[in-house]
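*Asks:*
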Amino acid sequence: MAFKNYILVCGGTACESSKSDQIYKNLIEEAKNQGVADQVQVVKTGCFGFCEQGPIVKVLPEDSFYVQVKPEDAKEIISEHVIKGREITRLQYGHHVRKAYEEVEDIQFYKKQKRVVLRNCGKIDPENIDEYIACDGYKALEKALFEMSEDDIINELKIAGLRGRGGAGFPTWMKWNFTKQAEGDVKYVVCNADEGDPGAYMDRSTLEGDPHSVLEAMTICGKAIGAHQGFIYIRAEYPLAIHRLEVAMKQAREYGLLGKDILGSGFDYDIEIRLGAGAFVCGEETALLQSIEGHRGMPQPRPPFPAVKGLWGKPTVINNVETWANIPAIIVNGGAWFASIGTEDSHGTKVFALTGKICNSGLVEVPMGTTLREIVFDIGGGIANGKKFKAVQTGGPSGGVITEENLDTPIDFGSLMKIGSMMGSGGMIVMDEDDCIVDVAKFYLDFTVDESCGKCAPCRIGGKTLNALLGKITEGKASDEDVAQMRQIALAMQKGSLCALGQTAPNPVLSTLKYFPEEYEAHIRDKKCPSGKCKRLISYSIDPTKCIGCTACARKCPVGAISGELKKPHSINTQVCIKCGVCKETCKFSAISVK
Amino acid sequence: MKIHLTINGIPVEVEAGTSVLEAARQAGIRIPTLCYHPDLKPFGSCGLCVCKQEGSAKILRACATPCAEGMKIITHDAELYEVRKTIIELTMSTHPTSCLTCVRNNKCELQKLAIEYGIREQPFKPRLRERVVDDSTHIITLDPYKCIKCGRCVQVCQELQGVYALEFIGRGDSTSMSPAANLPLNESPCIKCGQCITHCPVGAIYEQDDVSLMMKAINDPNKIVAVQMAPSVRVAIGEEFGLEPGEITTGKLYTALRRLGVDYVFDTNFGADLTIMEEASELVERIKDGGVLPQFTSCCPGWVNYVEEYYPELLDNLSSAKSPMMMQGAVTKTYWAEKLGIDPAKIYSVAIMPCTAKKDEIRRPMNASDYKDVDVVLTTRELGRIISQYGIDFKNLEESEVDSPIGEYTGAATIFGVTGGVMEAAVRSAYKFVTGSELDNVEVNAVRGMDEVKKGTVDFKGTPVRVAVIHGMANAKEILDEVRDAKLRGERAPYEFIEIMACRGGCIAGGGQPIGTDDEVRAKRTKGLYADDEKCTLRRSHENPSIIKIYDEYLEKPLSHKAHETLHTSYKAQKVYKDE
Amino acid sequence: MAKLTVEDLHSIRAREEVKMKKRNIEGKKRHIVVAMGTSGIESGAKVILDEFASLAEKKGLDDVIITQSGAIEGVKEPAIQIHTPDLGLVTYAAVKKSDVEKILDETVVGGKVIKDLQVEA
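Protein chains in written order, with the working numbering: chain A, 1 to 595; chain B, 1001 to 1580; chain C, 2001 to 2121.
1. Report yes if the CB atom of A962/B is closer than 8 Å to the CB atom of A1280/B, and no otherwise.
2. For C1299/B, name the three-state secondary structure that DSSP assigns.
3. For L8/A and chain B, any beta-carbon pair shorter than 8 Å?
4. Assign D439/A to buried or exposed, taking buried as 16 or more other Cβ atoms, counted over all protein chains shown, within 10 Å of its Cβ.
5. Strictly by DSSP, which residues pair up with K1455/B?
6. Please state if the CB of K1085/B and the CB of Y1036/B are separated by a distance shorter than 8 Å.
7. For N1182/B, does the count of other Cβ atoms within 10 angstroms reach 16, so buried, or fall short, so exposed?
8. According to DSSP, is T1414/B helix, strand or coil?
9. Of the residues that make up the segment 2059 to 2081 of chain C, which ones have a beta carbon closer than 8 Å to any beta carbon in chain A?
10. Could you tell me whether any Cβ in chain A is nearer than 8 Å to the Cβ of T2005/C?
11. Using the DSSP secondary-structure output, state which residues sit across from P239/A in a beta bridge.
12. Between L60/A and R2023/C, how many whole angstroms is the CB-CB distance? I'm expecting something under 8 Å.
13. Return the first residue and the last residue of the alpha helix (DSSP H) that G414/A is part of.
14. Does I2012/C come within less than 8 Å of chain A when only Cβ atoms are used?
15. Return the CA-CA distance between R2004/C and I154/A, expressed in angstroms with no decimal places.
16. Counting contacts by CB-CB distance shorter than 8 Å, is V2119/C in contact with chain A?
17. Taking any Cβ of chain B, which residues in the segment 485 to 501 of chain A have a Cβ under 8 Å from it, in chain order?
18. To the nearest angstrom, report how far apart E1159/B and S213/A are at their CA atoms.
19. For G362/A, which three-state DSSP category applies?
20. Going by C-alpha to C-alpha distance, which of L566/A, G560/A, G564/A, K568/A sits closest to V598/A?
21. Report the neighbours of I461/A on chain B: residues whose CB is nearer than 7 Å to its CB, in chain order.
22. Looking at the structure shown, is N1239/B part of a helix, part of a strand, or coil, going by DSSP?
23. Quick one: what's M298/A bridged to in DSSP?
24. Just list the residues that DSSP pairs S2039/C with in beta bridges.
25. How would you list, in chain order, the residues of chain B whose beta-carbon sits under 8 Å from the beta-carbon of R296/A?
26. Please state whether DSSP places D2099/C in a helix, a strand or coil.
27. Hey, is A2053/C's beta-carbon within less than 8 Å of any beta-carbon in chain A?
28. Whose Cβ in chain A lies nearer than 7 Å to the Cβ of E2017/C?
29. So, using beta-carbon positions, are P1342/B and I1224/B closer together than 8 Å?
30. Verify whether the separation of the beta carbon atoms of C587/A and C553/A is less than 8 Å.
31. I need the straight-line Cα distance from F1241/B to G1516/B, nearest angstrom please.
32. Taking 8 Å as the CB-CB cut-off, is P303/A touching chain B?
33. Looking at the C-beta of R1152/B, does it have a partner C-beta in chain A at a distance below 8 Å?
34. So the candidates are T474/A, F109/A, L162/A; which of them puts its Cα closest to the Cα of G94/A?
35. Name the chain C residues that come within less than 8 Å of L215/A, Cβ to Cβ?
36. Suppose the cutoff is 8 Å on Cβ atoms and the five residues either side in sequence are ignored; what does the same chain contact list for T1175/B look like?
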């Protein structure tokens, strides 16, 4: 008899790190032990996106959405849910009680999402090519190989209006077309899976959840531009994604969907994986190509562009994972379908990794044109712990902060640029009132300074000098003149740096300067950090009218900076205090304050 | 195809493929650069050549952007000025300002820009790294303290020379030019060619200064100082005194050296004629006796280092003849010493060379007497400095003659300094050795010019001799691979004689030559040497009366036992990484 | 020689699609819930559940979700509940294996309540 229940266990990196693999194994074991192995199929899928609540287990057909599941819950899922048909309320998201026949309740997190890129994530077993095939997998390849000419394929992308999801939003069809038209007997296709923005994991999840979509897309590109070899450049820190890719490639080769004479079309194509060591700059396409060639990953001046002279000097198409994952859907459903999603400026959807001070962090995919407010407050559930929203950063270290006044900006390439940020690859970090904006700018600049390859002077020296000036501000040692110098350096970096890493590195500084001038002024003129983040500018003190002399803080203080007699108000020696804040957390009487 | 564009409103017509940077220079507009060098591919590290197109905010790099029809380029405006000035100031903040004590004072590209941009103070807090100087080779000194990370030396070493002795290590702010694998330079694959020095825009790489060694010998009453100078020095040293590249200053050089106190002034060109006698005879012998072919020239010590490191299988293809410098040194301390009855121990043999690898060559165990063939090598630059220090007005110096009998030279010898010159000189004599008659036209055009690999066949009256000429070390790889692969298969690559020089253009653009070498300068120096050749009444080495005499009096005949003892050497494989 | 022909690909897809469809609950509006409490199982609810599953598959009722629940209090078992957008909730009690086909045809597909089986839950 057919399976009655299907249990989907999230096999993304985040859930795996909280033992989802053990949950998966336990479920299979329990189903066997309890004699229902023939009634239930346990499937390990890609990321569900709702990582905040992981590990996630979904039971079908009831569509029970179990969150924060532990390996020991497996027994109950089988005995109660599978055998007795009783949903386990305590595992249900929001401990929601519902009747068996009730319509599946929309979870706010998923309500405004639309899944194109992540269409198969959390749905299929990424290590089973058959399940991918069942979900229209390799249909696009068949179409591209047998029904479409090279120009048809490129034209479909043109109709779709797909723009590169790596950050800059260059029209994909143009890249392909340039490469197709470039002279050269050998051409290459490259997948940029060197995702590196802080907090971003869109590409990793896509590869973990639906690796075949990328393989299929790259093969279609091979046909379109006349290439027979593809490379996936992926950082070695993504072992699960690499494993899933390897499994997928093996299965595709076994089916002849990679290799010689694919599906009897006479077209040969194969893909190799190249591991990167995780340098952020290797996400820059010319640096990435250098790295594949075995050189130091340093950006090269453009022109020549990779479409003309790329990998080993051959014309090369290079797209990022998310861009690739869109392509089979476009070929199957048509460019017009894709163009109907999103805004005039930007078609389709965009995946974001929503993190920071947000209730529901996770992976979200929304149609272009969705507002930031919808993402932060509807999907993300607003700011955690009832704090006040301060800003959201898009575009990672290349982007800028977006404040309350611009929250209704629709997300598309053009609108984000207009408000001083950028789409970027999809990192989205939410900040609340506790975040110091100078500290935030410094966080991003620390990152880019760390990740600068050191090749060009504006980025190498400018970044470091700019960062030192920001450091002066956080220490209360800066003057207005320093801000003028910061602007001067920022201009030199924007205009003079060789690659986008350096050109965009000052963006977080410039956008915070623009939207939070008063906060900079507080640091510079008043030598104060309004959020109490910048340690050099704050001091802890005990209010003697509130302190009852319980000694709790004095006992917790790691440096012995607090003294006082029992049952008498204590005091803090600010010379010794390291401003760790433990005392404030410890005090039950709110007697300790930061200024 | 011609491309038309305007630069700052000035119409310009250029060949297709010309960069905006070059086009601007043609239009009389200089865009500042620190990393760009015409010998190298655009690298894009300095950020100074930023330009715009009219009506677009997009920045382009003039060095990397080819001109396109109808472009309207802006190279200078308020914003670009601001950007460039800031970048120069930022670069200065990581560069010491100890210009007065720098070897490149007055010849520093950063210094020049600081002057041009009127930078009177350092706005940004200086951040200098700790000074650690790598003088492990005692030839080439790396001073990363002064390095501005333009990348030229790395590019030169890897792309032009194919040696890979230098690379970037570290990332971001701690990026540093360094010997490969962060080894000391003497353990790296460095072939000591010195091209990194001549391409460095600042004073981060320079030659070890050995001038004091020569001066000490000159000031020692017990020493007899005999000096020789390479062909290329005479067409370049004038640049240090405001003369045009390529101006022949042989007579002035002889005078200057005498004024410095040198006892005898000889000429490496005599050694070059001697080299031809031996090397051409060796070639003829190899061809006749079925020896190992093709024969490689061996006068370039950079190349000899390279082949010992990277192609040890080909060592028996190298001519066993010593280089002209070493031959000159050898006959100075043997033949000449005997002839004058001087104790060779008293002779101090100095060589003025366009080359840093020559400082390395004299350490090779190949001395003809119990003493070193050559005691010290000074580069053209070092000699230029000492001439200035001694208050010698080089430009207006009267000319003098070389000392006999090991100083006179033929035209064949003087063209040793230019790519193809050794080959041409060898052909002039080998033709005679094989056919018994003289070559009608001594100018072998097939081996002249700046093509990176030149191939041709010279007809020795029915015996075709297939030759190849390569300059720029990296360009040798293809032919060397071909020769090696054939050899490993037990076959022979289709060449009889191959000339290889490590430096682009030959010794005229060696690592010891005046700073500021590019193809334009190379062409002028090359022209100077060919003019020197044409000036000579005798243009074939075997016609040199002093050469004929030395064989009569001392060496008997080419390849004789005596000649072997005095003028030949052997080679030994070197490890690529010396620490292994 | 290609390993997989286009036809092979199609047949894999056809085969797998059927399997995947069962897992897919999107757009499935009609629910059949079989009460599978201890008493339900004792009264033979498992037979009813299996019959629904196999007949629904045979009839190609792709958009029907068959699930189970605990006991439905106060009715004679085996009991089932049917929920469709048109009918709302309908409860049938004392269902026999032979009733299953009729329930599928008349209620689930036809949208008509079988009065004989219906009880108030």
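Beta carbons are placed, not taken as given, at the ideal position from N, Cα and C, and that holds for glycine.
*Replies:* Here's the rundown:
1. In the structure as shown, chain B starts at 1001 and stops at 1580, and residue 962/B therefore has no counterpart that could be examined.
2. coil
3. no
4. buried
5. A1468/B
6. no
7. exposed
8. helix
9. I2065, I2066, T2067, Q2068, S2069, G2070, Q2081
10. yes
11. In DSSP, P239/A forms no bridge with anything.
12. 5 Å
13. 413 to 418
14. yes
15. The question names Arg, but residue 2004/C in the sequence shown is Leu. About 26 Å.
16. no
17. Q485, Q488, I489, L491, A492, K495, G496, S497, L498
18. 39 Å
19. strand
20. Nothing about residue 598/A can be reported from this structure: the residues present for chain A run from 1 to 595 only.
21. L1090, T1091, S1093, T1094
22. It should be pointed out that residue 1239/B corresponds to Glu in this sequence rather than to Asn. Looking at E1239/B - three-state DSSP - the assignment turns out to be helix.
23. None, per the DSSP bridge assignment.
24. Paired residues: none, contrary to the question.
25. E1167, F1168
26. helix
27. yes
28. A134
29. Checking the sequence, you will find Ile at residue 1342/B rather than Pro. Yes; because the gap between Cβ atoms is below 8 Å, this pair is in contact.
30. yes
31. 14 Å
32. yes
33. no
34. F109/A
35. Simply none; closest approach about 14 Å.
36. K1149, F1168, I1169
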